[in-house]
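A short write-up of the structure that comes next.
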Amino acid sequence: MFCPNCGKDSAPGAKFCESCGTALGSEQSNQTPPAYGPQPYQQPYGQPMYAPMPLKNAGIAAVLAFLWAGLGHIYLGQIGTGILYMIVYIVLWAVGIAVAFFTFGIGLIIPFIFWIWQLYDAYKKANEYNAAVQQTGRAPW
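Using numbering that gives the first Met the number 0, the first residue of the sequence shown is number 0, and each one after it goes up by one.
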């Protein structure tokens, strides 16, 4: 007969567990030991009680930022920054096209520089995100 408290095997017909002293009933004789059934998740002492967050792929962030400014930041969870970069990118293109007639195309360099910068920033932020998740187990933002 298995003890419902400690899981140790006691002699058949015993009224108390030989290991911990818990009262044993006759209806428990057909039960399997608790060690074989589903066990509750027990965290070791000092370990955090959160589920690990998945890491973000820096390559995917860079490819999304390459496709359109701000998409890489949205992938990383920085929704506000991503939307702001999208708006700035559109405004820079509009201003660049309007100024291009007067500056012989020099106004189109500024949106291109912004696009390259935000691509690098998305890649860098993905690596920062992964480092923070690996150290603390949660997102830095």
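Each residue gets a CB set at the ideal place from its N, CA and C atoms; glycine is no exception.
Are at least three pairs of beta-carbons, each pair with one atom in the stretch 57-64 and one in the stretch 116-132, less than 8 Å apart?
yes
Just tell me which of K55, I59, A68 has its CA closest to the CA of F111.
Position 112 of the sequence shown, counted from the first residue, corresponds to residue 111. If we check each option's Cα against that of F111, A68 comes out closest.
Which first and last residues belong to the alpha helix (DSSP H) in which M85 is found?
As a working mapping, residue 85 is identified with position 86 in the sequence shown. Segment 78-102, the alpha helix (DSSP H) holding M85.
For L23, which residues of its own chain have a beta-carbon under 7 Å away from its beta-carbon, when the five flanking residues on both sides are left out?
Numbered from 1 along the sequence shown, position 24 holds the residue referred to as residue 23. Excluding residues within five positions, the ones whose Cβ falls inside 7 Å are M0, C2, S9, A13, K14, F15, C16.
Nearest neighbour of N56, chosen from G104, K123, G20, I109 [CA to CA]
Mapped onto the sequence shown, residue 56 falls at position 57. The candidate whose alpha carbon is nearest that of N56 is K123.
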